[in-house]
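I have placed the structure first, in the form of structure tokens, so that the comments after it can refer back to it.
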Amino acid sequence: MIKKIGVLTSGGDAPGMNAAIRAVVRSANALGLTVYGIQDGYKGMVEGRILELDRFSVSETLGKGGTILGTARLPEFKEEVVRKRAVEQLKRFGIEAVIVIGGDGTYKGALELTKMGINCIGIPGTIDNDIASTDFSIGFDTALHTIVDAIDKLRDTSSSHKRCSVVEVMGNRCEDLALWAGISTGAEIVVTLKSGFDEDEIFSRLNYFHDVRKKNHAIVIISEKITDVEQFAKKVTKYTGFDGRATVLGHVQRGGSPTPFDRILASRMGDRAVELLVEGVGGQCVGIINNKIVNIPIEQALETHRASNKELYKVFERQV
Numbered sequence: 003m004i005k006k007i008g009v010l011t012s013g014g015d016a017p018g019m020n021a022a023i024r025a026v027v028r029s030a031n032a033l034g035l036t037v038y039g040i041q042d043g044y045k046g047m048v049e050g051r052i053l054e055l056d057r058f059s060v061s062e063t064l065g066k067g068g069t070i071l072g073t074a075r076l077p078e079f080k081e082e083v084v085r086k087r088a089v090e091q092l093k094r095f096g097i098e099a100v101i102v103i104g105g106d107g108t109y110k111g112a113l114e115l116t117k118m119g120i121n122c123i124g125i126p127g128t129i130d131n132d133i134a135s136t137d138f139s140i141g142f143d144t145a146l147h148t149i150v151d152a153i154d155k156l157r158d159t160s161s162s163h164k165r166c167s168v169v170e171v172m173g174n175r176c177e178d179l180a181l182w183a184g185i186s187t188g189a190e191i192v193v194t195l196k197s198g199f200d201e202d203e204i205f206s207r208l209n210y211f212h213d214v215r216k217k218n219h220a221i222v223i224i225s226e227k228i229t230d231v232e233q234f235a236k237k238v239t240k241y242t243g244f245d246g247r248a249t250v251l252g253h254v255q256r257g258g259s260p261t262p263f264d265r266i267l268a269s270r271m272g273d274r275a276v277e278l279l280v281e282g283v284g285g286q287c288v289g290i291i292n293n294k295i296v297n298i299p300i301e302q303a304l305e306t307h308r309a310s311n312k313e314l315y316k317v318f319e320r321q322v
């Protein structure tokens, strides 16, 4: 049986990552394993910035946002020579397996390390919810709450000034944040890569809301990188009856204390990841499907693409 494992966070930070780290440390300690925290993801692994963690190291981190281990991106990790240096550093500390918390880029690194003899288990940590092998990733629920809170506040001021608030949210490759926020806030229009972006159609719909429905405000939610929302808001002012204003929520969506849902999700996933390593399993990632914690091969997870949620689009269109 293995005796020493590592844990790291990589890619974009997400609320609940600390809860996952805590779960890994405490569950592993309970099973007699020593845990090492790897700082700043794969970059820290290559550089040997590794420290031992115990249950006291992760005290009072359950509700803390961000990641106590830090995170960074290391494109060079795709090179075998770089990964070999990482394996050498792990062996120097006696680390036999690693739990990685992050998105698909993090999973790719974990898969390569497993092929090199270091069993790795992936835990999905990303606010975008773009890991198709799980219903929810750690951080999504918290980010959604942050967006909804912001839009609820924007609606108050939009109503007072007869404005249209154009709100840019994260999740360019995945529609979930925009679509779920649209339904949760009663937004008039949601724009994602999958819905398409037609300016004339949006202006026509906004004028319908203004002239026919006599609405004194409107909310348009747009996923990032689709258009320049500042310029688009100016066009809203020019071509509709609303006064357009743009709001880019940006990295505020990544911050904050994780919701109870994310804390529980992270705790369950961290515990299962430890169990898999104890069982000698590697090259797998955990997820949650129909409220059950599952694990599947990382290769399968990377090859799976999240389907467009036609049901939620239908709900949104019928209730707008």
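Residue numbers (our numbering): 3 to 322. Glycine is no exception: its CB is placed at the ideal position from the N, C-alpha and C atoms.
Sorry if obvious, but does the Cβ on Ile-7 come closer than 7 Å to a heavy atom of the ligand GTP?
Ligands displayed in this structure: none; no statement on the ligand GTP is therefore possible.
Drop a sphere of 10 angstroms on the beta-carbon of Arg-274, count the other beta-carbons inside from all chains shown, and report buried for 16 or more, exposed for fewer.
The residue given as residue 274 occupies position 272 in the sequence shown. Buried: at least 16 other Cβ atoms inside 10 Å.
Cα-Cα separation between Glu-82 and Lys-117, rounded to whole angstroms:
On the sequence shown, position 80 is the one that residue 82 refers to. On the sequence shown, position 115 is the one that residue 117 refers to. Glu-82 and Lys-117: Cα-Cα distance of roughly 11 Å.
Hey, could you find the ends of the beta strand (DSSP E) Ala-248 is sitting in?
The residue given as residue 248 occupies position 246 in the sequence shown. 245–250 is the extent of the beta strand (DSSP E) around Ala-248.
Can you give me the Cβ contacts of Asp-264 inside the same chain, cut-off strictly under 8 Å, excluding the 5 residues immediately before and after it?
The residue labelled residue 264 in the question sits at position 262 within the sequence shown. Counting only Cβ-Cβ distances below 8 Å, and skipping sequence neighbours, we find Pro-17, Gly-18, Ala-21, Ile-140, Gly-141, Phe-142, Asp-143, Thr-144.
By the 10 Å Cβ neighbour count, where 16 or more other Cβ atoms means buried, how is Gly-96 classified, buried or exposed?
As a working mapping, residue 96 is identified with position 94 in the sequence shown. With fewer than 16 other Cβ atoms within 10 Å, it is exposed.
Could you give the C-beta distance for His-219 and Arg-308, rounded to a whole number, given that I count them as a contact under 8 Å?
Within the sequence shown, numbered from 1, the residue matching residue 219 stands at position 217. Within the sequence shown, numbered from 1, the residue matching residue 308 stands at position 306. That belief does not hold up - the Cβ atoms of His-219 and Arg-308 are roughly 32 Å apart, past 8 Å.
Just to check my reading of the structure: Val-9 and Arg-57 have Cβ atoms closer than 8 Å, yes? What is that Cβ distance to the nearest angstrom?
As a working note, residue 9 is residue 7 in the sequence shown. As a working note, residue 57 is residue 55 in the sequence shown. The pair is not a contact, with the Cβ atoms about 13 Å apart (cut-off 8 Å).
Terminal residues of the continuous alpha helix (DSSP H) containing Ala-152?
The residue you call residue 152 lines up with position 150 of the sequence shown. Where Ala-152 is concerned, the enclosing alpha helix (DSSP H) stretches over 142–163.
Could you give the distance in angstroms between the alpha-carbon of His-147 and the alpha-carbon of Gly-173?
The residue you call residue 147 lines up with position 145 of the sequence shown. The residue you call residue 173 lines up with position 171 of the sequence shown. Roughly 15 Å between the two C-alpha positions.
I need the DSSP call for Lys-6, collapsed to helix, strand or coil.
Indexing the sequence shown from 1 puts residue 6 at position 4. Lys-6: strand per DSSP, three-state reduction.
Closest by CA to Leu-251, which one among Lys-80, Ile-4, Ile-153?
Within the sequence shown, residue 251 is the residue found at index 249, counting from 1. Closest option to Leu-251, Cα to Cα, is Ile-153.
contact_flag[the stretch 215–234, the stretch 189–205] where n(CB pairs < 8 Å) is 3 or more:
The answer is yes - the stretch 189–205 touches the stretch 215–234, with three or more Cβ pairs under 8 Å.
To the nearest angstrom, report how far apart Ala-30 and Val-276 are at their CA atoms.
Start at 1 with the first residue of the sequence shown, and residue 30 comes out as number 28. Start at 1 with the first residue of the sequence shown, and residue 276 comes out as number 274. In a straight line, the C-alpha of Ala-30 is about 6 Å away from that of Val-276.
Nearest-angstrom Cα separation, counted from Gly-243 out to Asp-200:
On the sequence shown, residue 200 is found 198 positions in, with the first residue counted as 1. On the sequence shown, residue 243 is found 241 positions in, with the first residue counted as 1. Roughly 18 Å between the two C-alpha positions.
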